[in-house]
Amino acid sequence: MKAGIVVFPGTNCDRDTKLACEFFGWQADYIWHDESSLHDYDVIFLPGGFSYGDYVSAGGLAKFSPAVLALKEYVKSKRGFVIGICNGFQILCEAGLLPGALSVNSGTRFVCDLTGLSVNNTKFPGKINLPIAHGEGRYVAPENMMKDINELVFVKYTDNPNGSTDDIAGLYDRSNKILGMMPHPERAVFEETGNTDGRYFFELIEAELR
Amino acid sequence: MKYMVEVIVTLKDGIRDPQGAAISTVLKRTGIEEKAEISAGKFFTLAISAENQDAAKEKINTICEDVLINPILENYRIGRFDQV
Chain A
1 MKAGIVVFPG TNCDRDTKLA CEFFGWQADY IWHDESSLHD YDVIFLPGGF
51 SYGDYVSAGG LAKFSPAVLA LKEYVKSKRG FVIGICNGFQ ILCEAGLLPG
101 ALSVNSGTRF VCDLTGLSVN NTKFPGKINL PIAHGEGRYV APENMMKDIN
151 ELVFVKYTDN PNGSTDDIAG LYDRSNKILG MMPHPERAVF EETGNTDGRY
201 FFELIEAELR
Chain B
1001 MKYMVEVIVT LKDGIRDPQG AAISTVLKRT GIEEKAEISA GKFFTLAISA
1051 ENQDAAKEKI NTICEDVLIN PILENYRIGR FDQV
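For the protein sequence lines, the chains are A and B, in the order given.
Just so we're aligned, residue 1 is where the first sequence starts under my numbering, counting upward by one.
Just so we're aligned, residue 1001 is where the second sequence starts under my numbering, counting upward by one.
See below:
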């Protein structure tokens, strides 16, 4: 299993993601954002952070990076699995690879907390907890799209921390090959962090690609 | 031709504006304006080159729609539009 972790100027969860991948025995490489081919990799991570300083909007400038253009080719050729976490989720929405958008939290504040989640997958327990850390995490989509979007939902907040529509914390695209989510599974893999619920997500990716 | 253009980006109706709400709260609390209803947005000035005014407007629209706004959340309008 070979994971590629795209690093934009301002990305800051790349190391956590690499260490988490290596915990599962995967090979994990950093990919600088000016890379124009991703086909060597079975899974591509867009990690959290503040790509391009989050200028204009979170993820709004990263979508023009060569690596994101290459990601579109990667998706089109059905090469592997794509997961965007936090800023990565914002980039996937901005790039049009996932529906909807992430807007400023309803409480105005940046939220940094452990949050309860329910995952729409039988391999997960009823409720898990994962760290969140974002200022622009309120999931929004046009009302006439919400019926379709609710079929794509993968993870919901049990105690909505940011005003997201229908408590949505993460969702798939139609092909089930692209996943975006605001919570950080890579920050909950090692015992030292006090929470290992993030392991379920890496196990899920492993199962998807087997 | 060179043009200097102002672009104003605002949130669409129905998109919650916590920044504007926070400013409104402060204005009410301080008594500066009891009935404050503030909305926050973004302001850009763009210096661009184009063959003529129509081409410049087309270019500005492309920049706004592709780069400066998220069409799910935001609208934009052009403010000053000067040939320089």
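Note that beta-carbon positions come from the ideal geometry of N, C-alpha and C, so glycine has one too.
Predicted model, so just to flag it, every value in this text is computed and none were measured.
Three-state secondary structure (DSSP) of residue i
i	result
tyrosine 30(A)	strand
valine 1009(B)	strand
glycine 53(A)	helix
cysteine 93(A)	helix
cysteine 13(A)	coil
aspartate 166(A)	helix
aspartate 113(A)	strand
alanine 62(A)	helix
isoleucine 1069(B)	coil
lysine 1059(B)	helix
lysine 123(A)	coil
lysine 18(A)	helix
lysine 147(A)	helix
For residue i: DSSP bridge partner residues
i	result
serine 1049(B)	Lys1002(B)
valine 153(A)	Leu171(A)
serine 230(A)	The question about residue 230(A) has no answer here: the residues shown for chain A are numbered 1 through 210.
glycine 84(A)	Leu46(A) and Gly180(A)
lysine 2(A)	Gln27(A)
tyrosine 139(A)	Leu102(A)
alanine 133(A)	Cys112(A)
phenylalanine 1043(B)	Ile1008(B)
Residue burial classification, residue i (beta-carbon count within 10 angstroms, cutoff 16)
i	result
glutamine 1083(B)	exposed
arginine 1029(B)	exposed
arginine 1080(B)	exposed
valine 1026(B)	exposed
serine 1049(B)	exposed
threonine 1045(B)	exposed
glutamate 1065(B)	exposed
arginine 187(A)	buried
Endpoints, alpha helix (DSSP H) assigned at residue i
i	result
valine 963(B)	For residue 963(B) there is no data in the structure shown, the boundaries of chain B being 1001 and 1084.
valine 68(A)	66-76
arginine 187(A)	Taken as a continuous stretch (DSSP letters only), arginine 187(A) belongs to no alpha helix (DSSP H), as it is neither H nor E.
Span of the beta strand (DSSP E) around residue i
i	result
tyrosine 1076(B)	1074-1083
leucine 204(A)	Where leucine 204(A) is concerned, there is no enclosing beta strand (DSSP E), although the alpha helix (DSSP H) it sits in stretches over 199-209.
Under 8 angstroms between C-beta atoms of residue i and residue j
i	j	result
phenylalanine 89(A)	glycine 180(A)	yes
proline 185(A)	methionine 145(A)	no
lysine 177(A)	valine 104(A)	no
glycine 53(A)	isoleucine 85(A)	no
aspartate 113(A)	isoleucine 132(A)	yes
leucine 102(A)	glycine 60(A)	no
lysine 78(A)	tyrosine 41(A)	no
valine 153(A)	leucine 171(A)	yes
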